[in-house]
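Q: The structure is given below, and queries will be raised subsequently.
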Amino acid sequence: MLKGHEGAQVDIIDRLPTPFGLVRSGVAPDHPETKIVVNQFSRVAANDRCQFYGNVTLGRDVSLSELRKTYDVVVLAYGAESDRSLGIPGEDMRGIHSAREFVWWYNGHPDMCNLAPDLQSTDSAVVLGQGNVALDVARILLRCTSELAATDIADYALDALRGSTIRKVYLVGRRGPVQAACTAKELREILGLKNVHVFIKEADLVTLPADEEEIRNSRIKRRVYELLSKAAIAHKGKNNNGQKELHFVFFRRPTRFLPSEDGVTVGAVQLEKTCLKDDGVAGKQVAVGTGEFEDLKCGLVLKSIGYKSLPVEGLPFDKYRGIVPNLKGRVLSSESENATVEPGLYVVGWLKRGPTGIVATNLHCAEETVAIILEDDKKGLFMGPSDSKKQGRRGLLEILEQKNIRFVPFDGWEKIDSKEKVAGELKNKPREKLTTWNELLMAAN
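Take 128 as the starting number for the sequence shown in my numbering and just add one per residue.
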């Protein structure tokens, strides 16, 4: 936006005192190369025409209506901070967490610093889902803690993982290896973990004609299937020799959670065997239950079945799709065919298209929305009467002052950043994250 419009002022509002969103709280600590993008974000924030307002929550501290009255353009980019539910019996038992909660926990997100997942009362964990996030949480559970110690993982999470008794991790998917939602890069990494024995049933690798067509049509699916096939052969017949275990469980769907002896903690997941409804159409195969069930014992369950965006007051929202109805980033008044464009209101990222994709995907998504904003500006859509010119930054500061909201500017984040890096140096880590709201706000001020 700053590049495309030399007169634009951009104010970034974030409910956290720290910028960078999922790069800080979502990217796995053992993926430092992905976090390099923060250098580019920091350069943007250093621009005089850009200001950061952390610790300001949309809908609580400032309303969408107030922002629309204050700014010519409001771009919603708050992503998906909730979780999809399985809707099966026992889902509220102790020991069952969403993958998002677990990721936020080990990444030091202040909302999850007290999650305290029990990693010491069981030797088995079940991860429901086989996408990249599922592989992330499985990898963190299985990776050698001496390797994690050199990352920016939260200190309390590292201590918990050091004391973990979990030796077996089961990655459960409703469909087969061809439909696994992970990428080859993530899969290759977890298959290459030290001292981890991989279990994949050869019978699960048998393909249907529609599977073979999917493999032919997608390089990603072909690479994933090849990696799984090679791993099955490489580990076949080998002794475990006390190694940790990674089990890929295909063609199973959870139907209920069963309690352990205490009656309140999960003790097993009941799985129904599935098969693919083969209608001969590649990419359209769905998992259907066979009526056969089995119980998979575990003391920890991590649900990686998808994220969910939440609406705010005054924002059109498609509850079925979990996104803001939009046309190339322009927010629409509803999801109906006769919807109208909401003037000056735009959306990007997961809130725009759903919770899929990586950093690069969101970059392309943002570029599309910015191009639309610049196009609308050229049409004169933001030119109101001279006596009703919107206040912009000055107006926001007045709102925050009137409500006594203590926001964190970018130099406040820089103080947090500096303190974390100094603490990290003492432990040979990139940083030692501050993980509570109080610590973050005290460091910023």
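Every residue, glycine too, gets a C-beta built ideally from N, C-alpha and C.
Kindly give me the distance between the Cβ atoms of alanine 252 and leucine 508, rounded to whole angstroms, as I take these residues to be in contact under 8 Å.
A: The pair is not a contact, with the Cβ atoms about 52 Å apart (cut-off 8 Å).
Q: Quick one: what does DSSP say asparagine 368 is sitting in, helix, strand or coil?
A: If DSSP states are grouped into helix, strand and coil, asparagine 368 belongs with coil.
Q: Quick test of your reading: valine 254 and leucine 320, contact by CB under 8 Å. State the CB separation rounded to the nearest angstrom.
A: Not a contact, Cβ separation roughly 14 Å.
Q: Which same chain residues, not among the five before or five after arginine 457, have their C-beta less than 7 Å away from its C-beta?
A: For arginine 457, where only same-chain residues beyond five positions count, the Cβ hits under 7 Å are Val468, Tyr473 and Ile499.
Q: Let me know the secondary structure DSSP gives glutamine 518 once reduced to three states.
A: Coil, per DSSP.
Q: Tell me whether the beta-carbon of aspartate 141 lies closer than 7 Å to the beta-carbon of glycine 181.
A: Closer than 7 Å, so yes.
Q: Span of the alpha helix (DSSP H) holding glutamine 136?
A: First-last for glutamine 136: undefined, no H or E at that position.
Q: Would DSSP call isoleucine 280 helix, strand or coil?
A: Note: isoleucine 280 maps to coil in three-state DSSP.
Q: Check whether the Cβ atoms of valine 295 and glutamate 372 lie closer than 7 Å to each other.
A: Residue 295 is actually lysine in this sequence, not valine. Going by C-beta atoms, lysine 295 is nearer than 7 Å to glutamate 372.
Q: Can you tell me whether methionine 239 is buried or exposed, with buried defined as 16 or more other CB within 10 angstroms of its CB?
A: It counts as buried.
Q: Measure the alpha-carbon distance for glycine 186 versus glycine 484 and round it to whole angstroms.
A: Going by the C-alpha atoms only, they are around 27 Å apart.
Q: Which one of Ala173, Phe168 and Ser190 has the shortest CA to CA distance from leucine 523?
A: Considering only alpha carbons, the answer is Ser190.
Q: Based on the DSSP output, what are the partners of phenylalanine 326 in its beta bridges?
A: Bridge partners of phenylalanine 326: His374.
Q: For cysteine 402, report the span of its beta strand (DSSP E) as first-last.
A: Element bounds for cysteine 402: 393-404.
Q: Which residue spans inside the stretch 210-242 form an unbroken beta strand (DSSP E) run of at least 3?
A: The qualifying runs are 223-225.
Q: For glycine 476, name the three-state secondary structure that DSSP assigns.
A: Three-state result, glycine 476: coil.
Q: Could you pull the DSSP bridge partners for glycine 416 from this structure?
A: Thr401.
Q: Less than 7 Å between the C-beta atoms of alanine 337 and alanine 409, yes or no?
A: Yes, the pair counts as a contact, with Cβ atoms nearer than the cut-off.
Q: With a cut-off of 8 Å, do at least 3 Cβ pairs link the stretch 370-386 to the stretch 201-219?
A: Enough Cβ pairs lie closer than 8 Å, so yes.
Q: Is the beta carbon of threonine 278 closer than 7 Å to that of arginine 289?
A: Their beta carbons are not under 7 Å apart, which means arginine 289 does not touch threonine 278 by this criterion.
Q: Quick one: grab the DSSP three-state call for tyrosine 198.
A: In the structure shown, tyrosine 198 sits in coil (DSSP, three-state: anything other than H, G, I, E or B).
Q: According to the Cβ coordinates, are alanine 571 and proline 144 closer than 7 Å?
A: Cβ distance < 7 Å, so alanine 571 and proline 144 count as in contact.
Q: What do you get for proline 159, buried or exposed, if any count of 16 or more other CB atoms within 10 angstroms of its CB means buried?
A: Exposed: under 16 other Cβ atoms inside 10 Å.
Q: Measure the C-alpha to C-alpha separation of serine 152 and tryptophan 564 and round it to an integer number of angstroms.
A: So the alpha carbons of these two residues sit roughly 14 Å apart.
Q: What is the C-beta distance between leucine 129 and valine 164, in whole angstroms, given that I count them as a contact (C-beta under 8 Å)?
A: Not confirmed; about 17 Å, so no contact.
Q: Can you look up glycine 551 in the DSSP assignment and give me helix, strand or coil?
A: Helix at glycine 551.
Q: If serine 431 and valine 264 are in contact, beta carbons under 8 Å, what's the gap, nearest whole angstrom?
A: Right, their Cβ atoms sit about 7 Å apart.
Q: With DSSP run on the structure shown, which of helix, strand or coil describes aspartate 338?
A: It is helical.
Q: Shortest alpha-carbon distance to leucine 335 belongs to which of Lys411, Pro146 and Leu203?
A: Closest by alpha carbon: Lys411.
Q: Which same chain residues end up closer than 7 Å to phenylalanine 534 when comparing Cβ atoms and leaving out the 5 residues on each side of it in sequence?
A: Taken in chain order, the residues that qualify are Tyr180, Gly181, Asn182, Val183 and Leu527.
Q: I'd like the span of the alpha helix (DSSP H) that includes phenylalanine 168, first residue to last.
A: Segment 165-172, the alpha helix (DSSP H) holding phenylalanine 168.
Q: In the DSSP assignment, what are the bridge partners of phenylalanine 179?
A: DSSP output for phenylalanine 179 lists Ile139 as bridge partner(s).
Q: Along the chain, where does the beta strand (DSSP E) that runs through leucine 332 open and close?
A: Premise fails: leucine 332 is in no beta strand (DSSP E) and is neither H nor E.
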